[in-house]
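Numbering-wise (my numbering), the sequence shown opens with residue 108 and increments by one.
Heads up, the beta-carbon is just placed ideally off N, CA and C, and yes, glycines get one too.
Because the structure is a prediction, the values reported are computed rather than measured.
Before any comments, here is the structure.
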Amino acid sequence: MEARSIFKNISPIDHRYSVSEQEVYNSLVPWISEEASITACVKAEIALICAHLKVRGKMTDALRTELDKCCVDPEEVYIEEEKTHHNIRALVNVLKRKVPEDLSALVHLGATSVDILDTSLSWRMAGVSREVVLPLLKKLELLLCGFTEREADTPQVGRTHGQHAVPITLGFAFAEYVSRLGKSILEIEKRSKELKGKLSGAVGAYNAVSMIVKDPMELERIYLADLGLEPSEHSTQLAEPEYLLRLLLEFNVAFGIVANLADDLRNLQRSEIGEVREGFGSDQVGSSTMPQKRNPWNSEHVKSLWKAFMPRVNTFFMDQISEHQRDLTNSASQRFIADYIAGFCLAVSRMTGIIKGLGVDRKRLHANLNGKNDGGGNLPGGIMAEPAYILLAETGVSDAHEVIRRITLSAEKEKKSFAAALADEPALLEKIGGKLKELGLIKTTDDALSFFENPQRYCGLASVKAKAIAEKYKTLMGGNDVQ
Numbered sequence: 108m109e110a111r112s113i114f115k116n117i118s119p120i121d122h123r124y125s126v127s128e129q130e131v132y133n134s135l136v137p138w139i140s141e142e143a144s145i146t147a148c149v150k151a152e153i154a155l156i157c158a159h160l161k162v163r164g165k166m167t168d169a170l171r172t173e174l175d176k177c178c179v180d181p182e183e184v185y186i187e188e189e190k191t192h193h194n195i196r197a198l199v200n201v202l203k204r205k206v207p208e209d210l211s212a213l214v215h216l217g218a219t220s221v222d223i224l225d226t227s228l229s230w231r232m233a234g235v236s237r238e239v240v241l242p243l244l245k246k247l248e249l250l251l252c253g254f255t256e257r258e259a260d261t262p263q264v265g266r267t268h269g270q271h272a273v274p275i276t277l278g279f280a281f282a283e284y285v286s287r288l289g290k291s292i293l294e295i296e297k298r299s300k301e302l303k304g305k306l307s308g309a310v311g312a313y314n315a316v317s318m319i320v321k322d323p324m325e326l327e328r329i330y331l332a333d334l335g336l337e338p339s340e341h342s343t344q345l346a347e348p349e350y351l352l353r354l355l356l357e358f359n360v361a362f363g364i365v366a367n368l369a370d371d372l373r374n375l376q377r378s379e380i381g382e383v384r385e386g387f388g389s390d391q392v393g394s395s396t397m398p399q400k401r402n403p404w405n406s407e408h409v410k411s412l413w414k415a416f417m418p419r420v421n422t423f424f425m426d427q428i429s430e431h432q433r434d435l436t437n438s439a440s441q442r443f444i445a446d447y448i449a450g451f452c453l454a455v456s457r458m459t460g461i462i463k464g465l466g467v468d469r470k471r472l473h474a475n476l477n478g479k480n481d482g483g484g485n486l487p488g489g490i491m492a493e494p495a496y497i498l499l500a501e502t503g504v505s506d507a508h509e510v511i512r513r514i515t516l517s518a519e520k521e522k523k524s525f526a527a528a529l530a531d532e533p534a535l536l537e538k539i540g541g542k543l544k545e546l547g548l549i550k551t552t553d554d555a556l557s558f559f560e561n562p563q564r565y566c567g568l569a570s571v572k573a574k575a576i577a578e579k580y581k582t583l584m585g586g587n588d589v590q
């Protein structure tokens, strides 16, 4: 076949990303490329030959070595398919010419096409999960663990509904993603080990294989064990689709978590927030017309990949349905699983690069926490209204929430900080100070005002939780912080 420039390819994966993300692209090729698909089918056919030989007591190490050397050029299969108009029959015809002549009758013996296709797809999906997807995810997870630990004590204003809430720490904010992604990684690991294959024939009832061996299910087990798989409990012409569906759905769960992180990072880089910043190369350009721009384009890129590939899940669900023992409506759509996995891996790789180079602006974090950089939309120090209300209620004031709310309204009207407005209420401050002293947060009630002037003192268990979650998932991922 004629070689084609990558720049004449239609999919961006095969030109833009094969160049810019070459390492990830190259790691995927052995598992989800067209060559990989054909090679895996050959591997399944060889495993079937070996299963027949084992059942007949004719398997030898020499034969296995000879069979494993049998290679099929995808181009030969495509040329043969021009005649057969059937991809597996084309592969079988080519393979028969490659194996020892006395074994050629065993090629595809007792199998239907999907015994090879579904089995080889499961083998490839288990392999790409183990060799590419999980290592990429674990690398990202460990980087997030390291960042979480390093910033566990860095105060940050919390945000709900896009508004300042109560103080947390930057590490606590990242611990959310450590926890969510970590659980998804463990689920992917589990699901990737549950994929099934089959050798049960055209309708799943072992009709053809029953003409060959006394125990068709034993032959199936031997065949699949060669590929590290187990039989589907019940097959039609297809293996039960839910095993693969659940794995792909968990990929999408992880993809969504990474996209959510990208969204948060993009927003934290807004000019009016500016708490973190993506790495930016010395020759990098942020805008074609505005030389000062340093756009959060990597975070946006991750979100954009998610937008492109997340809807593919609809097709995964549609491939779950097949009429009676089989129709062919998944034959084209299932091929695009490769694109989805590539897009997912590219997004994870891009996010890994973001976290590696992520900078933290502690001055902006401090300014935002203290209400000095909020564009006038929040009461300076207003994030400390919650502890004032809680402590006042603890003294027995039943309408403490309303009392503190009125103080915040007064502060806004008089353009004061919350602490300054609270200082105008010495009786209330005395009560609140007594509770702070009981809790050991201040030495004397005279220090009460200083608590409300320093929001970093009201971070709850943010630091403790961040460190514990980072440590937990570092251990579960079986590694240390990635540099």
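Any idea if G311 is buried or exposed, counting beta-carbon neighbours within 10 angstroms, 16 or more meaning buried? buried
Minimum C-alpha distance to H473 - residue among I462, P487, G464 and H192: P487
Could you work out which residue in R231, R111, K165 and L375 is closest to R469 when comparing CA atoms only? L375
Using the beta-carbon count (16 or more within 10 Å), is N611 buried or exposed? The displayed coordinates of the chain run from 108 to 590. Any statement about residue 611 would go beyond what the structure contains.
Reduced DSSP category for E379 - H, G, I as helix; E, B as strand; rest coil: E379: coil per DSSP, three-state reduction.
Going by C-alpha to C-alpha distance, which of N477, K479, V383 and E142 sits closest to P181? E142
In the DSSP assignment, the beta strand (DSSP E) including T267 goes from what residue to what residue? For T267, the enclosing beta strand (DSSP E) covers residues P262 to T267.
Ordered along the chain, which non-local residues of its own chain (more than five positions away) have a Cβ less than 7 Å from that of M458? L247, V365, L368, A369 and V409
Stretch pair the region 338 to 350 + the region 299 to 310: three plus CB contacts closer than 8 Å: yes
Judging by CA-CA distance, which residue of L326, K463 and V199 is the nearest neighbour of R384? K463
Beta-carbon spacing of G489, F525 below 8 Å: yes
Between S456 and the rest of its own chain, which residues show a CB-CB distance below 7 Å, the 5 nearest in sequence each way excluded? Result list for S456: E128, V131 and L243, in chain order.
4 or more residues per run - each alpha helix (DSSP H) lying fully within the region 251 to 330: 277 to 299
G466 - partner residues in DSSP beta bridges: For G466, which the question treats as bridged, DSSP gives the partners R384.
Would DSSP call E337 helix, strand or coil? strand
Between which two residues does the alpha helix (DSSP H) containing D553 stretch? Element bounds for D553: n/a, residue is neither H nor E.
Quick check: the region 511 to 521 against the region 538 to 555, are at least 3 beta-carbon pairs closer than 8 Å? At 8 Å Cβ cutoff, the stretches do not touch.
Is it buried or exposed, S307, if we count other Cβ atoms within 10 angstroms and call 16 or more buried? buried
Please identify the residue among E578, K581 and Q563 whose C-alpha is closest to the C-alpha of A265. For the sequence presented, residue 265 should be read as Gly rather than Ala. Measuring from the Cα of G265, the nearest candidate turns out to be Q563.
Alpha-carbon spacing of G460 relative to N116, whole angstroms: 26 Å
Proximity to N65 [Cα-Cα], best of K165, S220, Q427 and F279: The question about residue 65 has no answer, for the chain in this structure spans 108 to 590.
C-beta contact flag for T515 and E537 at 8 Å: E537 is positioned such that its CB atom lies no closer than 8 Å to that of T515.
Whole-number beta carbon distance between R231 and S299, since they are thought to touch under 8 Å: About 11 Å separates the two Cβ atoms, so there is no contact after all.
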